[in-house]
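One structure is given here, and the rest of the page talks about it.
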């Protein structure tokens, strides 16, 4: 009983958040299901796993009129199925006392999504597009797919910021300069709604390996601000040898970085020049935004 209560509480909290931010999305999904019932026929009907169900419906709708879906579209469909199936597996474990049919409906939806996922995985197992190479590497442990993806990037056949960031992560442990080049390329082209704050830490690590501690500090601080993670101010200051004046400058520059990423002006910003131009690394740009509140 306690186990079910914890799950119900967790799902309810998620639904409360979705209720605040997902109203228009709910209307869109309802319209899709009404006009395209085949898209939603095998999905559960109650409000559990609402975010995952919404994502899956959206991806199915996008693929509906695509006879030859791109590797990116297939990747998103695979991820949507994974997320939905994983969530429904948990939801199916919660027994509905008053409406027992709902429990079976969730279990049926879980079985159906799992079967579809397995089928789609088999269909893409031999594809060699960049997104499919990435999926085969991360899901099947296919090292030949990784080798192919690395070769595709070197040949200039990978342009998607998400994939470039994943390849940068691969390089992070053994080629900091290459990883840094890729992360900076990602920052140049990514839209903020697709930006992962963890990429800031990935880029920070490349500067740390090259003993460029100011860049490491600034990028790490930007990540901490964006993710609202708790941290030790003393440990952060230690990255700069206790230089409080420099830390204050870099704190403000981290705010600049966040601002230009959000408003789409990063490409022409002083902070980008500081990160990408070796000759500029000794001089910290003057921040244009107000100091961050801690």
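Residue numbers (the working numbering): 40 to 333.
C-beta: ideal position from N, C-alpha, C; glycine also.
So does the segment 265–285 actually touch the segment 302–312, counting three or more Cβ pairs closer than 8 Å? no
Which runs of the alpha helix (DSSP H) at least 4 residues long sit entirely within the segment 164–225? Give them in chain order. 169–179, 182–193, 200–210
In this structure, does DSSP put residue 15 in helix, strand or coil? Since the displayed the chain opens at 40 and closes at 333, residue 15 lies outside it and no answer follows.
Per-residue DSSP class, three states only, for residue 323: The count along the chain shown starts at 1 and reaches residue 323 at position 284. Note: residue 323 maps to coil in three-state DSSP.
Secondary structure of residue 236, DSSP reduced to three states: As a position in the chain shown, residue 236 is number 197, starting the count at 1. If DSSP states are grouped into helix, strand and coil, residue 236 belongs with coil.
For residue 323, which residues of its own chain have a beta-carbon under 8 Å away from its beta-carbon, when the five flanking residues on both sides are left out? The sequence position of residue 323 within the chain shown is 284, counting from 1. If we look at residue 323 and ignore the five residues flanking it on each side, its Cβ neighbours are 253, 285, 288, 289, 292, 313.
Closer than 8 Å is the cut-off here; do at least three beta carbon pairs connect the segment 147–156 with the segment 181–194? no
Simplified DSSP state of residue 280, which is helix, strand or coil: Residue 280 sits at position 241 when you count from the first residue of the chain shown. In this structure, residue 280 counts as coil in the three-state DSSP scheme.
Can you tell me the Cα-Cα spacing of residue 127 and residue 79, whole angstroms? Residue 127 sits at position 88 when you count from the first residue of the chain shown. Residue 79 sits at position 40 when you count from the first residue of the chain shown. Rounded to whole angstroms, residue 127 to residue 79 spans 15 Å at the Cα level.
State the DSSP-derived secondary structure class of residue 229, mapped to helix, strand or coil. Within the chain shown, the letter at position 190 stands for residue 229. Coil.
Burial state of residue 194, where buried means 16 or more other Cβ atoms lie within 10 Å: Position 155 of the chain shown, counted from the start, is the residue given in the question as residue 194. By the 10 Å Cβ count, residue 194 comes out exposed.
Residue range of the unbroken alpha helix (DSSP H) whose run includes residue 88: For the purposes of this step, residue 88 is taken as residue 49 along the chain shown, with counting starting at 1. Where residue 88 is concerned, there is no enclosing alpha helix (DSSP H), given that its DSSP letter is neither H nor E.
Three-state secondary structure (DSSP) of residue 385: Nothing can be reported for residue 385, as the shown portion of the chain is limited to 40 through 333.
To the nearest angstrom, how far is it from the Cα of residue 206 to the Cα of residue 214? The count along the chain shown starts at 1 and reaches residue 206 at position 167. The count along the chain shown starts at 1 and reaches residue 214 at position 175. Cα-Cα distance, rounded: 11 Å.
Using the rule of at least 16 other Cβ atoms within 10 Å of the residue's Cβ for burial, across every protein chain shown, is residue 149 buried or exposed? Translated into positions along the chain shown, residue 149 becomes position 110. So residue 149 counts as buried.
Is the Cβ-Cβ distance between residue 218 and residue 210 less than 7 Å? Residue mapping note: residue 218 aligns to position 179 of the chain shown, counting from 1. Residue mapping note: residue 210 aligns to position 171 of the chain shown, counting from 1. Yes, Cβ-Cβ distance for residue 218 and residue 210 is below 7 Å.
Give the secondary structure of residue 81 by DSSP, where H, G and I count as helix, E and B as strand, and everything else as coil. In the chain shown, residue 81 corresponds to position 42, counting from 1. In the structure shown, residue 81 sits in coil (DSSP, three-state: anything other than H, G, I, E or B).
Residue 162 versus residue 311: straight-line alpha-carbon distance, rounded: Position 123 of the chain shown, counted from the start, is the residue given in the question as residue 162. Position 272 of the chain shown, counted from the start, is the residue given in the question as residue 311. Going by the C-alpha atoms only, they are around 42 Å apart.
For residue 60 and residue 91, I'd like the C-alpha separation in whole angstroms. Taking the chain shown and counting its residues from 1, one reaches residue 60 at position 21. Taking the chain shown and counting its residues from 1, one reaches residue 91 at position 52. Caution applies to residue 60, whose pLDDT of 31 falls short of 50 and renders its modelled position unreliable; the value that the coordinates give is listed next. Their Cα atoms are separated by approximately 15 Å.
The segment 106–114 in contact with the segment 170–181 per 3-pair CB rule at 8 Å: Yes, the segment 106–114 touches the segment 170–181.
Taking residue 117 as the reference, give the member of 147, 279, 158 with the closest Cα. For this step, residue 117 is matched to residue 78 along the chain shown. That would be 158, whose Cα lies nearest to the Cα of residue 117.
Take residue 243 and list the residues in its own chain whose beta-carbon comes closer than 6 Å to its own, dropping the five residues that flank it on each side. Here the question's residue 243 lines up with position 204 in the chain shown. Answer for residue 243: 255, 258, 259, listed in chain order.
Excluding the five sequence neighbours on either side, which residues of its own chain have a C-beta within less than 6 Å of the C-beta of residue 63, listed in chain order? Along the chain shown, read from residue 1 onward, the residue named residue 63 stands at position 24. Its pLDDT being 45, under 50, residue 63 is placed unreliably in this model, and the coordinates cannot settle the point.
In terms of residues, what are the limits of the alpha helix (DSSP H) holding residue 309? Residue numbering aside, residue 309 sits at position 270 when the chain shown is read from its first letter. Element bounds for residue 309: 309–315.
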